[in-house]
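If you read the sequence shown in my numbering, its first letter stands for residue 328, the second for the next number, and so on. Every residue gets a Cβ at the ideal spot worked out from N, C-alpha and C, and that includes glycine. Here the structure comes first, spelled out in structure tokens, and everything after it is commentary.
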Amino acid sequence: MTLANFREAKAEMVAAFNTVWLASAGAVNGGVVPSVHWEGSPFSPPKDAAWARFSIRHGLSEQATLAGADGTGTRRFEKFGIVQVQIFTPLTTRNLILAEELADVAKSAFEGISTANGIWFQGTRILEVGADDSWFQTNVIANFRYDEFA
């Protein structure tokens with residue numbers, strides 16, 4: 328129940344979000360799960376439908392323990408960062424409500440959650456960015472922390 332590297336941590340964070348998004352986002356969007364732009368994958372946003380962009384940003388890393396002087400033992404490194412879900416809905420009154428509902432779905436993937444391998448999400452918040460051209464943007468951001476052992 329420990330993570331060996333940040334690729335495993337990223338995969339676990341993606342899975343935590345995607346599981347909730349696939350199970351719940353369609354219920355607030357007329358049965359259609361909005362598409363998600365995953366970093367590193369080609370994506371063309373729909374012209375008139377809600378969509379989301381998912382990103383992970385690692386930040387501070389601190390060594391929390393030392394190994395023995397003779398090389399025995401394990402060092403623990405605390406990893407910190409943020410996960411962000413940017414939600415875009417076409418700019419209409421109904422879709423402003425949809426943006427809020429989709430933000431609640433994304434928030435539920437992180438708020439009060441820790442994963443099987445010990446990723447702990449904290450400080451989950453919804454930020455209304457506002458209108459930009461023909462889109463309304465709402466961001467869901469959660470701080471995360473986990474331990475990596477070497």
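Here's the rule I'm using: 16 or more other beta-carbon atoms within 10 Å means buried, otherwise exposed. How should residue i be labelled?
{"i": "proline 373", "result": "exposed"}
{"i": "arginine 386", "result": "Note on identity: in this sequence residue 386 is glycine, with arginine being the wrong assignment. Exposed is the call here."}
{"i": "alanine 377", "result": "buried"}
{"i": "threonine 346", "result": "exposed"}
{"i": "alanine 443", "result": "exposed"}
{"i": "alanine 458", "result": "exposed"}
Within the continuous beta strand (DSSP E) that includes residue i, where are the two ends?
{"i": "glutamate 475", "result": "462 to 476"}
{"i": "glycine 450", "result": "447 to 459"}
{"i": "valine 363", "result": "362 to 365"}
To which residues of the same chain is residue i closer than 7 angstroms at the C-beta, ignoring the five residues directly before and after it?
{"i": "isoleucine 383", "result": "Lys337, Met340, Gly408, Val410"}
{"i": "lysine 434", "result": "Thr451, Ile453, Val467"}
{"i": "glycine 353", "result": "Val359, Val360"}
Which same chain residues, not among the five before or five after residue i, have their C-beta less than 6 angstroms away from its C-beta?
{"i": "serine 351", "result": "Val432"}
{"i": "tryptophan 447", "result": "Ser441, Arg472"}
{"i": "arginine 403", "result": "Ala391, Thr392, Asp474, Phe476"}
{"i": "glutamate 389", "result": "Glu405"}
Just checking my contact of residue i with residue j at CB under 8 angstroms: how many whole Å lie between their CB atoms?
{"i": "isoleucine 414", "j": "alanine 436", "result": "Rounded, the Cβ-Cβ distance is 12 angstroms, inconsistent with contact."}
{"i": "tryptophan 348", "j": "valine 360", "result": "7 angstroms"}
{"i": "valine 456", "j": "phenylalanine 344", "result": "About 19 angstroms separates the two Cβ atoms, so there is no contact after all."}
{"i": "threonine 465", "j": "glutamate 427", "result": "7 angstroms"}
{"i": "leucine 423", "j": "valine 355", "result": "Going by Cβ atoms, the distance from leucine 423 to valine 355 rounds to 13 angstroms, so no, they are not a contact pair."}
Quick one: what's got a C-beta closer than 8 angstroms to residue i's C-beta in the same chain, skipping five residues either side?
{"i": "threonine 401", "result": "Thr392, Ala394, Phe476, Ala477"}
{"i": "tryptophan 365", "result": "Val341, Phe381"}
{"i": "proline 417", "result": "Asp375, Ala376, Ala377, Ser461, Trp462, Phe463"}
{"i": "glutamate 335", "result": "Asn444"}
Quiz item: In chain order, which continuous runs of the beta strand (DSSP E) of length 3 or greater are located wholly inside the stretch 373 to 432?
Solution: 378 to 390, 403 to 417, all fully within the stretch 373 to 432.
Quiz item: Can you list the alpha helix (DSSP H) stretches of 4 or more residues lying completely in the stretch 329 to 355, in chain order?
Solution: Counting only runs of 4+ residues, the alpha helix (DSSP H) found wholly inside the stretch 329 to 355 occupies 333 to 355, in chain order.
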